[in-house]
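Enquirer: Start counting the sequence shown at 1; every next residue gets the next number (our numbering). Just so you know, even glycine gets a beta-carbon here, dropped at the ideal spot from N, CA and C.
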Amino acid sequence: MLQGKKIILGICGSIAAYKAAFLVRLLTKEGAAVRVVMTDAAKDFITPLTLSTLSKNPVLSTFFSNPQEGSWNNHIELGLWADLMLIAPASAHTLAKFSQGLCNDLLTAVYLSARCKVMLAPAMDLDMYSHPSTQANLQKLRDYGNLIIEAESGELASGLSGQGRMAEPENILQTVKTFFANDLPLKGKKVLLTAGPTQEAIDPVRYISNASSGKMGYALATELANNGAEVYLVSGPTNLKVTNKLITLAPVKSAQEMLDAAQVYFDTCDIAIFAAAVSDYAPVDIQKQKIKKNSNTLRLELHKTPDIAKTLSIKKKKNQFTVGFALETNDEEANAYKKIKGKNFDMIVLNSLNDKGAGFGYDTNKIKVFFAEKDDVKVFSLKSKQEVARDIIQLIKDNYHA
Ligand code: C5P
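1) Is Pro-237 near ligand 1 - that is, is its Cβ less than 7 Å away from at least one heavy atom of it?
2) Rounded to whole angstroms, what is the Cα-Cα separation between Ala-17 and Pro-237?
3) Below 7 Å, is the gap between the Cβ of Gly-324 and the nearest heavy atom of ligand 1?
4) Give, in chain order, every unbroken run of the beta strand (DSSP E) that is at least 3 residues long and sits entirely within the segment 126-172.
5) Could you pull out every residue in the same chain whose Cβ sits closer than 6 Å to the Cβ of Lys-343, ignoring the five residues on either side in sequence?
6) How many Å lie between Ile-291 and Ala-282 at the Cα?
7) Please say whether Ile-11 and Leu-78 have beta carbons closer to each other than 8 Å?
8) Flag this pair as yes or no: are the beta carbons of Cys-116 and Lys-190 separated by less than 8 Å?
9) Can you grab the Cα-Cα spacing for the pair Leu-233 / Leu-126, in whole Å?
10) Which residue marks the beginning of the beta strand (DSSP E) containing Ile-11, and which one marks its end?
11) Mind checking Asn-411: buried by the 16 CB within 10 Å criterion, or exposed?
12) Taking the C-alpha atoms as reference points, what is the distance between Thr-178 and Lys-341?
13) Please go through the same chain and pick out, in chain order, the residues whose beta-carbon is closer than 6 Å to the beta-carbon of Lys-215, but skip the five residues on each side of it.
14) Helix, strand or coil for Phe-98, going by three-state DSSP, please let me know.
15) Taking three-plus beta-carbon pairs below 8 Å as touching, is the segment 97-106 in contact with the segment 21-32?
16) What are the boundary residues of the alpha helix (DSSP H) that includes His-75?
17) Scan the segment 318-401 and note each continuous alpha helix (DSSP H) run of 4 residues or more that stays entirely inside, going in chain order.
18) Quick one: does the C-beta of Val-234 sit closer than 7 Å to a heavy atom of ligand 1?
19) Ligand 2 and Ile-396: does any heavy atom of the ligand fall closer than 7 Å to the residue's C-beta?
20) Which whole-angstrom value describes the C-beta separation of Leu-106 and Val-37, a residue pair presumed to lie in contact below a C-beta threshold of 8 Å?
21) Nearest to Phe-274 by CA position, among Leu-327, Trp-81, Glu-373, is which residue?
22) For Ile-76, count the other beta carbons within 10 Å of its own beta carbon; 16 or more makes it buried, fewer makes it exposed. Which is it?
23) By DSSP's criteria, Glu-230 is part of a beta bridge. Which residues make up the other side?
24) Checking 8 Å against the spacing of the C-beta atoms, do Met-347 and Ile-396 come in under that value?
25) Nearest to Lys-29 by CA position, among Ser-14, Lys-5, Ile-15, is which residue?
26) What residue range is occupied by the uninterrupted beta strand (DSSP E) comprising Phe-274?
27) Could I get the ranges of all uninterrupted beta strand (DSSP E) runs contained in the segment 274-306, with 3 residues as the minimum, in chain order?
28) State yes or no: is the C-beta of Thr-305 nearer than 7 Å to some heavy atom of ligand 1?
29) Given a threshold of 16 other Cβ atoms within 10 Å of its Cβ, counted over all protein chains shown, does Met-1 qualify as buried or as exposed?
30) Using 8 Å as the cut-off, can you tell me whether the segment 237-246 makes contact with the segment 186-204, which would need three or more C-beta pairs spanning the two stretches below that distance?
Right, dumping it as structure tokens:
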């Protein structure tokens with residue numbers, strides 16, 4: 001599958017560097033030519049000998065292998081040679097250098113010279129990973145067009161548990177294969193996706209909303225685009241950004257606006273995923289002026305908002321596939337089945353608020369998936385939202401037959 005593909009594997013100083021040996025094995029087994037560039041710190045964790053033996057190429061880490069002979073490791077030639085540059089593990093320090101354009105070693109010089117796609121698989125402790133400066137660096141690197149292979153959740157070398165583990169080599173290989181696959185599984189498919197919360201105005205400065213961050217929906221959008229789909233993302237207000245060219249963002253605020261925007265795309269879409277946390281009620285009257293606190297109590301009259309998923313999914317055609325979400329606190333499975341029927345979904349993703357780490361605001365989620373057409377339940381463990389998105393999209397690929 002990777003026959004003839006040329007890959008530079010950058011390795012930084014991290015406990016996860018030992019996994020780079022497996023990664024080299026997996027990549028070369030698929031037929032890729034791998035050249036390893038290590039930082040000095042990486043050598044404290046894994047030897048160049050291991051990596052040169054596995055990659056069947058000399059490992060490079062400095063500009064000059066043999067200065068006396070005047071030979072040098074040409075970072076420009078290396079950068080142009082590669083079809084893909086993959087940094088795994090990518091340490092917090094190297095991510096910061098990449099995001100700033102700092103260039104004091106061979107790896108950073110090759111990065112700045114590379115014209116190919118760059119993928120980064122971060123690995124660090126959970127607090128380092130969630131630190132605003134690391135997250136800002138990652139966002140900047142995404143904005144530059146690099147692909148971030150999100151760190152996974154689990155036990156860390158420090159003994160703590162959380163998000164920060166480098167993605168497993170098998171998952172990294174999958175991302176690399178998807179990148180090189182000319183025939184991406186969802187290429188040409190149009191997907192309507194609702195995400196984020198809605199805001200229902202009370203007056204010019206106040207609204208009714210919920211704590212949805214939009215992270216699950218945006219992770220789905222990224223995963224769909226990685227599979228070649230054209231995504232119409234109708235999103236309520238979030239702090240998240242869209243950079244992938246295959247994703248068209250339609251920003252909305254209220255449930256009614258979300259329905260109006262989604263309706264435009266529904267008839268031509270192949271798949272619709274309703275991941276938005278829509279407010280169920282909205283004020284009957286929106287006050288033109290800011291409400292003054294003149295009385296001790298205040299009554300708001302609310303009306304039901306349109307059910308976007310139901311309105312659209314009940315008119316779905318034979319070749320369309322719809323997916324809903326259910327966030328429940330009690331009678332989870334019964335409610336999920338009720339919704340799959342009532343809203344005419346083909347598939348429903350259930351998250352329970354009783355599961356620790358699942359639901360609004362978290363970077364992780366724990367899901368169960370049910371189907372309209374078969375008596376089957378898929379149960380998943382607690383994972384990062386990016387991994388959960390990968391599982392959901394895989395189930396859609398397995399079950400959607402146009
Ligand atoms: O009824 P409930 O809100 O639990 O249903 C959840 C599912 O329906 C989700 O897929 C959600 O995006 C969708 N929904 C919607 N419009 C609403 C309420 C829910 O699209 N007004």
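Expert: Reading off the structure:
1) Residue mapping note: residue 237 aligns to position 237 of the sequence shown, counting from 1. Incorrect: Pro-237 has no Cβ contact closer than 7 Å to ligand 1.
2) Here residue 17 refers to the residue found at position 17 when the sequence shown is read from its first residue. Here residue 237 refers to the residue found at position 237 when the sequence shown is read from its first residue. Between Ala-17 and Pro-237, the alpha-carbon positions lie close to 39 Å from each other.
3) Locating residue 324 in the sequence shown gives position 324, counting from the first residue. Taking the Cβ of Gly-324 as the reference point, at least one heavy atom of ligand 1 falls within a distance shorter than 7 Å.
4) Look at the segment 126-172 and you find these whole runs of beta strand (DSSP E), each 3 residues long or longer: 152-155, 161-165.
5) One-based indexing of the sequence shown puts residue 343 at position 343. Taken in chain order, the residues that qualify are Ala-309, Lys-310, Ser-313, Gly-324.
6) The residue you call residue 291 lines up with position 291 of the sequence shown. The residue you call residue 282 lines up with position 282 of the sequence shown. Their Cα atoms are separated by approximately 16 Å.
7) Translated into positions along the sequence shown, residue 78 becomes position 78. Translated into positions along the sequence shown, residue 11 becomes position 11. By the CB criterion at 8 Å, Leu-78 and Ile-11 fall outside the cutoff.
8) Your numbering for residue 116 matches position 116 in the sequence shown. Your numbering for residue 190 matches position 190 in the sequence shown. Cβ atoms of Cys-116 and Lys-190: not closer than 8 Å.
9) On the sequence shown, residue 233 is found 233 positions in, with the first residue counted as 1. On the sequence shown, residue 126 is found 126 positions in, with the first residue counted as 1. Going by C-alpha positions, Leu-233 is about 30 Å away from Leu-126.
10) To locate residue 11, count along the sequence shown from 1; it is residue 11. DSSP places Ile-11 in the uninterrupted beta strand (DSSP E) bounded by 6-11.
11) In the structure as shown, the chain starts at 1 and stops at 402, and residue 411 therefore has no counterpart that could be examined.
12) For the purposes of this step, residue 178 is taken as the residue at position 178 of the sequence shown. For the purposes of this step, residue 341 is taken as the residue at position 341 of the sequence shown. Going by C-alpha positions, Thr-178 is about 34 Å away from Lys-341.
13) On the sequence shown, residue 215 is found 215 positions in, with the first residue counted as 1. Same-chain partners within the cutoff: Lys-385.
14) Taking the first residue of the sequence shown as 1, we reach residue 98 at position 98. In this structure, Phe-98 counts as helix in the three-state DSSP scheme.
15) Short answer: they don't touch.
16) In the sequence shown, the residue the question calls residue 75 occupies position 75. Run containing His-75: 75-81, per the alpha helix (DSSP H) assignment.
17) Listed in chain order, they are 332-342, 385-399.
18) Reading the sequence shown from its first residue, position 234 is the one you call residue 234. No, ligand 1 has no heavy atom inside 7 Å of this Cβ.
19) No copy of ligand 2 appears in this structure; the ligands present are ligand 1.
20) Here residue 106 refers to the residue found at position 106 when the sequence shown is read from its first residue. Here residue 37 refers to the residue found at position 37 when the sequence shown is read from its first residue. Right, their Cβ atoms sit about 6 Å apart.
21) As a first step, residue 274 is located in the sequence shown; it is residue number 274 there, counting from the start. The shortest Cα separation from Phe-274 among Leu-327, Trp-81, Glu-373 belongs to Leu-327.
22) Taking the sequence shown and counting its residues from 1, the one referred to as residue 76 is at position 76. For Ile-76, the number of other beta carbons within 10 angstroms of its own is below 16, and it is reported as exposed.
23) Mapped onto the sequence shown, residue 230 falls at position 230. BP columns for Glu-230 point to Lys-190.
24) By one-based count along the sequence shown, residue 347 stands at place 347. By one-based count along the sequence shown, residue 396 stands at place 396. Contact flag set, yes.
25) Within the sequence shown, numbered from 1, the residue matching residue 29 stands at position 29. When C-alpha distances from Lys-29 are compared across Ser-14, Lys-5, Ile-15, the shortest belongs to Lys-5.
26) In the sequence shown, counting from the first residue as 1, residue 274 sits at position 274. Per DSSP, Phe-274 belongs to the beta strand (DSSP E) from 271-274.
27) Within the segment 274-306, the beta strand (DSSP E) runs of at least 3 residues that lie entirely inside it are, in chain order, 281-283, 302-304.
28) Numbered from 1 along the sequence shown, position 305 holds the residue referred to as residue 305. The closest heavy atom of ligand 1 lies less than 7 Å from the beta carbon of Thr-305.
29) Residue 1 sits at position 1 when you count from the first residue of the sequence shown. Met-1 is exposed by the Cβ-count criterion.
30) These segments touch.
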